[in-house]
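As structure tokens, the structure follows; a few thoughts come after it.
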Amino acid sequence: MNFPLKMMVCIFLILPQLIEAQSTINLFNKKNLDGWYAYQVESGKHKHASDLFNVEHHIIRLYGKNAGYLMSEQSFSNFKLTVTFRWNIDPSVIRKSDKKNSGVMYLVPFEAPDMLWPKGIQFQIKEGATGDFILLQDTTLKINGTRTEPGRSVVSKRFEDASKPIGKWNTMVVTVSNGIVTQELNGKLVNKGVEPSITEGRILLQYEGYPIDFKKVVVRRLKP
1 MNFPLKMMVC
11 IFLILPQLIE
21 AQSTINLFNK
31 KNLDGWYAYQ
41 VESGKHKHAS
51 DLFNVEHHII
61 RLYGKNAGYL
71 MSEQSFSNFK
81 LTVTFRWNID
91 PSVIRKSDKK
101 NSGVMYLVPF
111 EAPDMLWPKG
121 IQFQIKEGAT
131 GDFILLQDTT
141 LKINGTRTEP
151 GRSVVSKRFE
161 DASKPIGKWN
171 TMVVTVSNGI
181 VTQELNGKLV
191 NKGVEPSITE
201 GRILLQYEGY
211 PIDFKKVVVR
221 RLKP
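Reminder that position 47 of the sequence shown reads as 47 in this note's numbering, one-by-one numbering, no gaps.
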């Protein structure tokens, strides 16, 4: 094999990996909360997210006396979002509530005002309900051939319960691709809809009162 041909083979083998690397975005760098801002009703928007929430041992730790969230500065359409999470059951951590309730929102428009909770779709993380769709602030989705009614907070229940025991790490995957929205939990499809009323938006990590940890937040852009 001559040298130019070897080079062409190497490029052919490496190019797909380079393209995938360029399309993959680690929203959490394991060090700090760069790329996010934080919000609570009591103190409003914080450009420096570390004013409200912490990174400890390469983990995002959401806890405290007030509910709030982290919001990504970047917006996405046609993507696959992978998040790992677990409940923080350390009794010494400050909490607002003993009710295990949280979520990861996506497709939150730039123009949506900060509030609890803004417009978009939520992957519900809640004891006994993880994997439900929560459609917020008049967001709609067609599920099983029927479009949901607009409302402040509309629930479409998961197909099955795929949660791991409390305190264990779970992996959720949300895919938004060409009008199809799927939610997976620990390798199982738990919800699906089509034709969302929003097609682009930001990512949001919720703290509703019970401490929760996030270890991985990765977005892979998909071709339209």
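For glycine and all other residues, C-beta sits at the position ideal for the given N, C-alpha and C.
The alpha-carbon separation between residue 121 and residue 91 amounts to approximately 31 Å.
When secondary structure is reduced to three states using DSSP, residue 72 falls in the strand class. Taking 4 residues as the shortest admissible run, the segment 147-177 contains no complete alpha helix (DSSP H) segment at all.
If you look at residue 187, you'll find it isn't in any beta strand (DSSP E); DSSP assigns it neither H nor E.
In its chain, beyond the 5 residues on either side, 118, 120, 201, 202 and 204 have a beta carbon closer than 6 Å to the beta carbon of residue 108. In the structure shown, residue 49 falls within a helical segment according to DSSP collapsed to helix, strand and coil.
About 16 Å separates the Cβ atoms of residue 101 and residue 65, ruling out a contact at the 8 Å cut-off. Taking the CA atoms as reference points, residue 145 sits about 13 Å from residue 156. Of all alpha-carbon atoms in 53, 26 and 86, the one lying nearest the alpha-carbon of residue 166 is that of 86. About 7 Å separates the Cβ atoms of residue 73 and residue 37, confirming a contact at the 8 Å cut-off. By the neighbour-count criterion, in which a residue is buried when 16 or more other Cβ atoms sit within 10 angstroms of its Cβ, residue 94 is exposed.
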